[in-house]
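Asks: Below you'll find the structure I mean.
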(Lines of atoms letter the chains of each structure in order from A and count residues from 1; the text may use other names and numbers.)
(Lines give C-alpha, C1' and ligand atoms only; values in the text may rest on other atoms or scores of the structure.)
Protein backbone atom coordinates (compact mmCIF):
# COMPACT_ATOMS: atom_id res chain seq x y z
CA UNK A 1 0.00 0.00 0.00
CA UNK A 2 1.09 3.53 -0.62
CA UNK A 3 0.52 6.68 -2.60
CA UNK A 4 0.34 7.08 -6.37
CA UNK A 5 -0.67 9.76 -8.87
CA UNK A 6 -2.15 9.86 -12.37
CA UNK A 7 -2.48 12.46 -15.10
CA UNK A 8 -4.92 11.56 -17.84
CA UNK A 9 -4.37 12.14 -21.53
CA UNK A 10 -5.99 14.85 -23.64
CA UNK A 11 -7.19 12.53 -26.39
CA UNK A 12 -10.91 13.01 -25.73
CA UNK A 13 -10.58 16.77 -25.39
CA UNK A 14 -8.58 16.89 -28.64
CA UNK A 15 -11.06 14.71 -30.53
CA UNK A 16 -8.55 11.89 -30.98
CA UNK A 17 -10.48 9.04 -29.39
CA UNK A 18 -12.57 6.42 -31.11
CA UNK A 19 -16.34 6.89 -30.95
CA UNK A 20 -17.53 6.26 -27.38
CA UNK A 21 -20.62 4.18 -26.73
CA UNK A 22 -23.63 6.23 -25.65
CA UNK A 23 -21.80 9.40 -26.64
CA UNK A 24 -24.71 11.70 -25.80
CA UNK A 25 -24.28 10.85 -22.13
CA UNK A 26 -20.48 11.11 -21.83
CA UNK A 27 -19.47 13.61 -19.17
CA UNK A 28 -15.93 14.99 -18.81
CA UNK A 29 -15.16 15.61 -15.13
CA UNK A 30 -11.89 16.74 -13.50
CA UNK A 31 -11.19 13.14 -12.49
CA UNK A 32 -11.98 11.63 -15.90
CA UNK A 33 -14.79 10.52 -18.19
CA UNK A 34 -17.94 8.80 -17.11
CA UNK A 35 -21.52 8.23 -18.25
CA UNK A 36 -24.07 10.60 -16.76
CA UNK A 37 -27.22 8.50 -16.74
CA UNK A 38 -29.11 10.45 -14.11
CA UNK A 39 -32.66 11.17 -15.19
CA UNK A 40 -32.82 8.28 -17.66
CA UNK A 41 -35.47 5.63 -17.15
CA UNK A 42 -33.22 2.58 -17.36
CA UNK A 43 -33.69 -0.68 -15.54
CA UNK A 44 -30.77 -1.83 -13.39
CA UNK A 45 -29.57 -4.44 -15.89
CA UNK A 46 -29.51 -1.99 -18.82
CA UNK A 47 -27.81 0.70 -16.76
CA UNK A 48 -25.10 -1.73 -15.68
CA UNK A 49 -24.63 -2.96 -19.25
CA UNK A 50 -24.20 0.60 -20.54
CA UNK A 51 -21.69 1.43 -17.81
CA UNK A 52 -19.72 -1.77 -18.41
CA UNK A 53 -19.62 -1.08 -22.15
CA UNK A 54 -18.42 2.47 -21.58
CA UNK A 55 -15.80 1.41 -19.02
CA UNK A 56 -14.42 -1.20 -21.41
CA UNK A 57 -14.16 1.42 -24.16
CA UNK A 58 -12.47 3.98 -21.90
CA UNK A 59 -10.03 1.48 -20.41
CA UNK A 60 -9.02 -0.36 -23.59
CA UNK A 61 -10.25 1.13 -26.87
CA UNK A 62 -10.58 4.89 -26.51
CA UNK A 63 -7.02 5.80 -27.45
CA UNK A 64 -3.43 4.50 -27.33
CA UNK A 65 -3.28 5.20 -23.57
CA UNK A 66 -4.65 2.33 -21.42
CA UNK A 67 -7.35 3.70 -19.10
CA UNK A 68 -6.64 7.06 -20.79
CA UNK A 69 -3.65 7.42 -18.44
CA UNK A 70 -0.95 9.72 -19.80
CA UNK A 71 1.44 9.39 -16.84
CA UNK A 72 1.30 7.18 -13.75
CA UNK A 73 3.74 7.57 -10.87
CA UNK A 74 4.09 5.60 -7.67
CA UNK A 75 5.03 8.19 -5.05
CA UNK A 76 5.88 6.46 -1.78
CA UNK A 77 4.85 3.91 0.78
CA UNK A 78 2.66 5.06 3.65
CA UNK A 79 5.63 5.16 6.03
CA UNK A 80 7.79 6.86 3.41
CA UNK A 81 5.20 9.58 2.93
CA UNK A 82 5.04 10.02 6.70
CA UNK A 83 8.81 10.48 6.84
CA UNK A 84 8.65 13.00 4.00
CA UNK A 85 5.95 14.96 5.82
CA UNK A 86 8.10 14.98 8.96
CA UNK A 87 10.98 16.41 6.96
CA UNK A 88 8.74 19.14 5.58
CA UNK A 89 7.56 19.98 9.09
CA UNK A 90 11.15 20.33 10.32
CA UNK A 91 11.85 22.69 7.42
CA UNK A 92 8.83 24.89 8.24
CA UNK A 93 7.15 23.88 4.98
CA UNK A 94 3.97 25.82 5.73
CA UNK A 95 6.02 28.99 5.26
CA UNK A 96 8.72 27.87 2.83
CA UNK A 97 6.88 25.33 0.64
CA UNK A 98 3.23 26.14 1.35
CA UNK A 99 1.59 24.78 -1.81
CA UNK A 100 3.48 21.48 -1.72
CA UNK A 101 2.77 21.02 1.98
CA UNK A 102 -0.92 21.85 1.62
CA UNK A 103 -1.61 19.60 -1.36
CA UNK A 104 0.37 16.43 -0.63
CA UNK A 105 -2.08 13.52 -0.67
CA UNK A 106 -3.30 12.21 2.67
CA UNK A 107 -5.07 9.23 1.14
CA UNK A 108 -6.44 7.94 -2.14
CA UNK A 109 -8.81 10.23 -4.01
CA UNK A 110 -8.79 13.93 -4.63
CA UNK A 111 -7.13 16.09 -7.27
CA UNK A 112 -4.38 18.66 -7.57
CA UNK A 113 -5.09 21.54 -10.00
CA UNK A 114 -2.84 21.95 -13.02
CA UNK A 115 -2.77 25.70 -12.40
CA UNK A 116 -0.56 25.13 -9.34
CA UNK A 117 1.87 22.67 -10.93
CA UNK A 118 4.47 25.28 -11.89
CA UNK A 119 4.48 26.70 -8.36
CA UNK A 120 5.05 23.30 -6.76
CA UNK A 121 7.81 22.48 -9.24
CA UNK A 122 9.58 25.64 -8.09
CA UNK A 123 9.12 24.65 -4.45
CA UNK A 124 10.53 21.18 -5.15
CA UNK A 125 13.58 22.76 -6.79
CA UNK A 126 14.19 24.79 -3.63
CA UNK A 127 13.69 21.71 -1.49
CA UNK A 128 16.24 19.74 -3.52
CA UNK A 129 18.74 22.55 -2.94
CA UNK A 130 18.20 22.61 0.85
CA UNK A 131 21.75 22.75 2.30
CA UNK A 132 20.98 21.52 5.83
CA UNK A 133 21.40 17.73 6.12
CA UNK A 134 19.17 15.46 8.15
CA UNK A 135 20.45 12.83 10.58
CA UNK A 136 19.22 9.60 9.04
CA UNK A 137 19.22 6.12 10.57
CA UNK A 138 20.10 3.64 7.82
CA UNK A 139 19.61 -0.13 7.82
CA UNK A 140 21.84 -1.74 5.19
CA UNK A 141 22.62 -5.27 4.07
CA UNK A 142 26.23 -6.09 4.89
CA UNK A 143 27.54 -7.83 1.78
CA UNK A 144 26.07 -5.46 -0.80
CA UNK A 145 25.72 -2.30 1.26
CA UNK A 146 22.23 -2.00 -0.19
CA UNK A 147 19.82 0.17 1.76
CA UNK A 148 16.91 -1.75 3.29
CA UNK A 149 15.16 1.24 4.83
CA UNK A 150 15.86 4.49 6.62
CA UNK A 151 14.20 6.85 9.08
CA UNK A 152 14.94 10.23 10.62
CA UNK A 153 17.01 9.93 13.80
CA UNK A 154 14.22 11.35 15.96
CA UNK A 155 11.58 8.94 14.63
CA UNK A 156 10.72 5.25 14.66
CA UNK A 157 9.90 3.16 11.60
CA UNK A 158 7.84 -0.03 12.04
CA UNK A 159 9.02 -2.67 9.57
CA UNK A 160 6.72 -5.52 10.56
CA UNK A 161 3.61 -5.50 12.72
CA UNK A 162 1.65 -8.49 13.97
CA UNK A 163 -0.79 -9.07 16.81
CA UNK A 164 0.64 -12.50 17.62
CA UNK A 165 4.40 -12.39 16.94
CA UNK A 166 7.37 -10.05 17.49
CA UNK A 167 7.16 -6.69 15.74
CA UNK A 168 10.18 -5.20 13.95
CA UNK A 169 11.20 -1.56 14.06
CA UNK A 170 14.10 0.82 13.49
CA UNK A 171 15.15 3.91 15.42
CA UNK A 172 18.34 5.72 16.43
CA UNK A 173 19.15 2.90 18.84
CA UNK A 174 19.18 0.28 16.11
CA UNK A 175 17.00 -2.48 14.70
CA UNK A 176 14.79 -4.06 17.34
CA UNK A 177 12.06 -6.61 17.97
CA UNK A 178 9.34 -5.88 20.48
CA UNK A 179 6.30 -7.59 21.94
CA UNK A 180 3.13 -5.55 22.26
CA UNK A 181 0.76 -7.08 24.78
CA UNK A 182 -1.94 -4.55 23.94
CA UNK A 183 -1.95 -5.78 20.34
CA UNK A 184 -2.40 -2.32 18.89
CA UNK A 185 -0.22 -0.53 16.36
CA UNK A 186 -0.63 2.69 18.34
CA UNK A 187 0.05 1.18 21.78
CA UNK A 188 3.45 1.76 23.39
CA UNK A 189 5.85 -1.14 22.85
CA UNK A 190 5.76 -3.15 26.05
CA UNK A 191 8.92 -5.22 25.84
CA UNK A 192 11.98 -5.00 23.59
CA UNK A 193 13.32 -8.53 23.20
CA UNK A 194 16.12 -7.85 20.73
CA UNK A 195 18.10 -4.78 19.71
CA UNK A 196 21.23 -4.49 17.59
CA UNK A 197 23.20 -2.26 15.26
CA UNK A 198 25.14 -5.17 13.73
CA UNK A 199 23.35 -8.49 13.44
CA UNK A 200 22.91 -11.67 11.45
CA UNK A 201 19.66 -12.98 10.01
CA UNK A 202 19.49 -16.76 9.57
CA UNK A 203 16.67 -18.52 7.76
CA UNK A 204 15.57 -21.56 9.77
CA UNK A 205 12.44 -22.42 7.81
CA UNK A 206 9.78 -20.96 5.50
CA UNK A 207 8.35 -18.76 8.28
CA UNK A 208 11.18 -18.85 10.79
CA UNK A 209 14.20 -16.56 11.07
CA UNK A 210 16.76 -16.07 13.83
CA UNK A 211 18.26 -12.64 14.53
CA UNK A 212 21.64 -12.67 16.32
CA UNK A 213 23.54 -9.65 17.63
CA UNK A 214 27.15 -10.06 16.50
CA UNK A 215 28.58 -8.24 19.54
CA UNK A 216 26.77 -10.19 22.28
CA UNK A 217 25.59 -13.34 20.46
CA UNK A 218 22.09 -12.71 21.84
CA UNK A 219 19.44 -14.20 19.54
CA UNK A 220 15.69 -14.00 19.10
CA UNK A 221 13.39 -15.65 16.52
CA UNK A 222 11.03 -13.87 14.15
CA UNK A 223 8.44 -14.97 11.57
CA UNK A 224 9.69 -13.00 8.54
CA UNK A 225 13.00 -11.93 7.10
CA UNK A 226 14.07 -8.42 6.27
CA UNK A 227 13.54 -7.37 2.68
CA UNK A 228 15.83 -5.31 0.52
CA UNK A 229 14.44 -2.27 -1.27
CA UNK A 230 14.32 -4.24 -4.53
CA UNK A 231 12.86 -7.47 -3.17
CA UNK A 232 13.18 -10.15 -0.55
CA UNK A 233 16.57 -11.05 0.83
CA UNK A 234 17.58 -14.39 -0.65
CA UNK A 235 19.86 -17.02 0.81
CA UNK A 236 20.06 -18.58 4.24
CA UNK A 237 22.14 -15.97 6.04
CA UNK A 238 22.73 -12.23 5.82
CA UNK A 239 24.30 -9.60 8.03
CA UNK A 240 22.87 -6.12 8.53
CA UNK A 241 24.26 -2.87 9.89
CA UNK A 242 22.57 0.18 11.38
CA UNK A 243 24.31 3.55 11.32
CA UNK A 244 23.42 7.24 11.43
CA UNK A 245 24.54 9.47 8.58
CA UNK A 246 23.98 13.11 7.61
CA UNK A 247 22.00 13.09 4.36
CA UNK A 248 20.82 16.02 2.27
CA UNK A 249 17.07 16.33 1.84
CA UNK A 250 17.34 16.08 -1.94
CA UNK A 251 19.20 12.79 -1.60
CA UNK A 252 17.10 11.30 1.20
CA UNK A 253 13.82 11.98 -0.60
CA UNK A 254 15.02 11.71 -4.20
CA UNK A 255 12.46 9.03 -5.10
CA UNK A 256 9.32 10.95 -4.18
CA UNK A 257 10.71 14.27 -5.41
CA UNK A 258 11.54 12.79 -8.81
CA UNK A 259 8.11 11.15 -9.05
CA UNK A 260 6.38 14.40 -8.11
CA UNK A 261 8.36 16.32 -10.73
CA UNK A 262 7.35 13.88 -13.45
CA UNK A 263 3.66 13.89 -12.57
CA UNK A 264 3.55 17.68 -12.18
CA UNK A 265 5.33 18.17 -15.50
CA UNK A 266 2.66 16.00 -17.14
CA UNK A 267 -0.07 18.08 -15.49
CA UNK A 268 1.56 21.27 -16.71
CA UNK A 269 1.91 19.86 -20.24
CA UNK A 270 -1.65 18.59 -20.56
CA UNK A 271 -3.49 21.11 -18.43
CA UNK A 272 -5.13 18.16 -16.65
CA UNK A 273 -5.17 17.84 -12.86
CA UNK A 274 -3.17 15.29 -10.91
CA UNK A 275 -5.39 12.52 -9.55
CA UNK A 276 -4.23 11.06 -6.24
CA UNK A 277 -4.57 7.29 -6.06
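Numbering (full-length UniProt numbering), first residue to last: 1 to 277.
In this text, a Cβ means the ideal position worked out from N, Cα and C, and glycines have one as well.
Would you mind reading off the limits of the beta strand (DSSP E) that contains residue 129?
Replies: Residue 129 -> no beta strand (DSSP E), and no H or E assigned at all.
Asks: Is residue 253 helix, strand or coil when you go by DSSP?
Replies: In this structure, residue 253 counts as coil in the three-state DSSP scheme.
Asks: Please state whether DSSP places residue 198 in a helix, a strand or coil.
Replies: Residue 198 falls in the strand class under three-state DSSP.
Asks: What does DSSP give as the partner residue(s) for residue 169 in the beta ladder?
Replies: In DSSP, residue 169 forms a bridge with 158, 176.
Asks: Return the CA-CA distance between residue 27 and residue 277, expressed in angstroms with no decimal places.
Replies: Taking the straight line from one Cα to the other gives about 21 Å.
Asks: Any idea which residues DSSP pairs residue 12 with across the strands?
Replies: Beta-bridge pairing links residue 12 to no other residue.
Asks: Pick out whichever of 266, 156, 253, 228 has its Cα sitting closest to the Cα of residue 129.
Replies: With distances taken between Cα atoms, residue 129 lies closest to 253.
Asks: Closest to residue 78 by CA distance: which of 167, 106, 91 is it?
Replies: Residue 106 is the option with its Cα nearest to residue 78.
Asks: Could you please give the first and the last residue of the uninterrupted beta strand (DSSP E) stretch that includes residue 213?
Replies: Its beta strand (DSSP E) spans residues 208 to 213.
Asks: Do three or more CB pairs link the region 7 to 17 to the region 74 to 89 at distances below 8 Å?
Replies: Because the criterion of three Cβ pairs below 8 Å is not met, the region 7 to 17 and the region 74 to 89 do not touch.
Asks: State the Cα-Cα distance for the pair residue 137 and residue 122, rounded to the nearest angstrom.
Replies: Going by the C-alpha atoms only, they are around 29 Å apart.
Asks: Kindly list the residues whose CB is nearer than 7 Å to the CB of residue 261, restricted to its own chain and excluding five residues on each side of it in sequence; keep chain order.
Replies: Counting only Cβ-Cβ distances below 7 Å, and skipping sequence neighbours, we find 121, 124.
Asks: Note the first and the last residue of the continuous beta strand (DSSP E) segment covering residue 241.
Replies: Here the beta strand (DSSP E) through residue 241 covers 237 to 247.
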